Amino acid sequence: MREITDNWEELYETEVSQKLRHFSREGRMYDCLFAQQLTRELLEELFTIADNLRKITKTKEGADHASSLLSDKRAMLYFVQPSTRTFLSFLNACHLLGIKTSEIRDTSTSSEVKGESSEDTVRTFSSYVDLIIMRHPTPGFVEKTAWLMNRTKRPVPVINAGSGKDQHPTQALLDVYTLHKSFDGEIDGKKIVMVGDLKRGRTVRSLSYLMKNYKNVSLAFVSPKEFKMEPDILGFLKKHSIPYVETADFMSVMPEADAIYMTRIQDEHDTSGESRKVDYSPFYFKKEHLKIIKPSCVIMHPLPRRDEIETAVDEDPRAIYWRQERNGMWVRAAMISYIFKTNEKIIECCISNVSKILYDT
Ligand code: NCD
């Protein structure tokens with residue numbers, strides 16, 4: 033019998049590693065809420081599924097097969113915070129697998145304007161859909177939705193597509209998938225530089241958590257003093273013996289970097305215009321910096337960007353942010369297929385496709 037606590041406040045305060053059992057079933061991740069859920073074993077499995085999906089959908093036959101895998105399922109995309117690529121990549125990931133989708137992108141178009149609580153609104157979804165993919169400005173709200181759903185008679189899995197300033201696990205997933213592909217599967221031993229508004233950027237927070245899965249990785253956090261990485265993440269890194277440095281001198285860490293992960297200033301979280309008081313220009317990656325970085329260094333960005341990467345950098349083969357963006361669709365489709373346990377069918381189909389190609393030639 034699964035133990036589901038009645039006390040939300042207590043659960044919310046519980047350390048993540050202690051509460052993961054509430055969000056898994058039969059030893060598998062059921063709700064994807066925290067980057068800490070993504071173990072190396074799970075990551076490798078998701079990468080394999082994503083690679084196989086890419087392969088099989090190259091032919092119409094394979095794409096038709098993929099879109100039959102979950103054609104009996106429906107998903108709700110509840111994105112009440114701005115989103116372009118996370119929304120579109122999840123939408124297209126669902127469509128790749130044949131899942132029918134519905135969406136709410138603004139609370140003003142839902143019954144929340146009639147005074148219905150957000151909790152009641154999301155409970156309504158479970159009457160109609162089999163999966164909830166959610167982006168919400170309030171930290172913890174996605175987790176609360178998953179907790180609520182797990183207590184209903186018709187539970188449905190919940191995927192966190194960005195919650196407040198705290199977590200964005202599927203962005204971290206696509207980021208490591210991109211690193212994995214860029215480094216031929218060898219993330220161990222790499223030096224990763226994260227740059228920008230590290231205090232309020234949920235992508236860099238989630239990505240830092242994932243580093244526990246790799247050996248001898250070291251991190252450099254480059255930010256203005258006002259937007260340094262939060263102590264909870266630094267504490268996590270210390271606990272897992274992951275070395276890091278903090279600096280405001282971007283150029284000093286460029287030559288050694290294997291990956292540079294740029295982020296924009298997160299001024300939507302300003303309470304009193306604090307972003308305007310900060311000179312962000314020392315945290316820009318410019319064309320002239322291409323001469324300083326290693327020939328093998330990759331430049332990443334979760335996007336959207338403002339001025340922190342000069343557009344002239346886009347032409348350089350080391351700028352991989354557009355590829356990173358596209359990787360999101362495949363690896364999110366992989367995660368959905370894992371949650372619904374259809375991953376084996378993708379692998380089987382890939383094996384039979386390969387043998388068909390070998391046999392036909
Ligand atoms: C990020 C986000 O929403 O946190 N974007 C994304 O999901 N691709 C980063 C950002 O908005 O700066």
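In terms of the numbering used here, the sequence shown is residues 33 to 393.
Quick reminder that beta carbons are idealized off the backbone N, C-alpha and C, glycines included.
Here the structure is a predicted model, which is why all the values come from computation and not from measurement.
Do you know whose CA, among 210, 275 and 173, lies nearest residue 76's CA? Position 44 of the sequence shown, counted from the first residue, corresponds to residue 76. It is 210 whose Cα lies nearest to the Cα of residue 76.
Could you tell me the distance, in whole angstroms, from the CA atom of residue 70 to the CA atom of residue 321? For the purposes of this step, residue 70 is taken as the residue at position 38 of the sequence shown. For the purposes of this step, residue 321 is taken as the residue at position 289 of the sequence shown. Distance between the alpha carbons of residue 70 and residue 321 is about 33 angstroms.
Jot down the residue ranges of each uninterrupted alpha helix (DSSP H) in the segment 36-116, minimum 4 residues, whole runs only, in chain order. Complete alpha helix (DSSP H) runs here, min 4: 40-45, 48-51, 72-88 and 92-101.
Own chain residues within Cβ distance below 8 angstroms of residue 198, not counting five before or after: Working through the sequence shown from its first residue, we reach residue 198 at position 166. Closer than 8 angstroms at Cβ, skipping near neighbours: 171, 172, 234 and 237.
Using a threshold of 7 angstroms, state whether the C-beta atoms of residue 423 and residue 128 are closer than that. No statement about residue 423 is possible, as the shown extent of the chain runs from 33 to 393 and does not include it.
From the DSSP output, in three-state form, read off residue 360 for me. Along the sequence shown, one-based indexing puts residue 360 at 328. In the three-state scheme derived from DSSP, where H, G and I count as helix and E and B as strand, residue 360 is classed as helix.
Given a cut-off of 7 angstroms, decide if residue 378 and residue 81 are closer than it, judged by their beta-carbon atoms. If you number the sequence shown from 1, residue 81 lands on position 49. If you number the sequence shown from 1, residue 378 lands on position 346. Cβ atoms of residue 81 and residue 378: closer than 7 angstroms.
Can you say whether residue 349 is buried or exposed, counting buried as having 16 or more other CB atoms within 10 angstroms of its CB? Along the sequence shown, one-based indexing puts residue 349 at 317. Residue 349 is exposed by the Cβ-count criterion.
Mind reading off the beta-carbon distance from residue 192 to residue 72? Whole number of angstroms is fine, and I expect it under 8 angstroms. Translated into the one-based positions of the sequence shown, residue 192 becomes position 160. Translated into the one-based positions of the sequence shown, residue 72 becomes position 40. Not a contact, Cβ separation roughly 20 angstroms.
Count Cβ pairs between the segment 220-231 and the segment 281-292 that sit closer than 8 angstroms; are there 3 or more? yes
With distances taken from CA atoms, which of 57, 183 and 374 is nearest residue 40? Locating residue 40 in the sequence shown gives position 8, where the first residue counts as 1. With distances taken between Cα atoms, residue 40 lies closest to 183.
Spatial neighbours of residue 390 in its chain, beta-carbon cut-off 6 angstroms, leaving aside the 5 residues before and after: Residue numbering aside, residue 390 sits at position 358 when the sequence shown is read from its first letter. With a pLDDT of only 45 at residue 390, under the threshold of 50, the placement of this residue in the model should not be trusted; the figure read from the coordinates follows. For residue 390, where only same-chain residues beyond five positions count, there are no Cβ hits under 6 angstroms.
Confirm the yes/no value for this check: CB of residue 333, any heavy atom of the ligand NCD, distance under 6 angstroms. Walking along the sequence shown from the start, residue 333 turns up at place 301. For the ligand NCD, not one heavy atom lies less than 6 angstroms from the Cβ of residue 333.
Tell me whether residue 141 is buried or exposed, calling it buried when 16 or more other Cβ atoms sit within 10 Å of its Cβ. The residue labelled residue 141 in the question sits at position 109 within the sequence shown. Flag for residue 141 reads exposed.
Quick one: give me the first and last residue of the alpha helix (DSSP H) that residue 312 is part of. For the purposes of this step, residue 312 is taken as the residue at position 280 of the sequence shown. Run containing residue 312: none; DSSP gives neither H nor E here.
Beta-carbon contacts of residue 252 that lie in its chain and below 6 angstroms, excluding the five residues immediately before and after: Walking along the sequence shown from the start, residue 252 turns up at place 220. Exclusion of the five residues before and after residue 252 leaves 225, 277 and 285 as the residues of its chain whose Cβ lies within less than 6 angstroms of its Cβ.
What would DSSP say about residue 351, mapped onto helix, strand or coil? Start at 1 with the first residue of the sequence shown, and residue 351 comes out as number 319. Of the three classes helix, strand and coil, the one that applies to residue 351 here is strand, per DSSP.
Comparing the CB of residue 234 with every heavy atom of the ligand SAM, is any distance shorter than 6 angstroms? The ligand SAM is not part of this structure, which contains only the ligand NCD.
Confirm the yes/no value for this check: CB of residue 133, any heavy atom of the ligand NCD, distance under 6 angstroms. Residue mapping note: residue 133 aligns to position 101 of the sequence shown, counting from 1. Not under cutoff, so the answer is no.
Can you name, in chain order, every residue of its own chain whose Cβ lies under 6 angstroms from the Cβ of residue 175, other than the five neighbours on each side? Taking the first residue of the sequence shown as position 1, residue 175 is located at position 143. For residue 175, where only same-chain residues beyond five positions count, the Cβ hits under 6 angstroms are 65.
Specify the secondary structure class of residue 33 as computed by DSSP and reduced to three states. Here residue 33 refers to the residue found at position 1 when the sequence shown is read from its first residue. At residue 33, the pLDDT of 42 sits below 50, so the modelled position is not reliable; the number obtained from the coordinates is stated separately. Correct three-state label for residue 33: coil.
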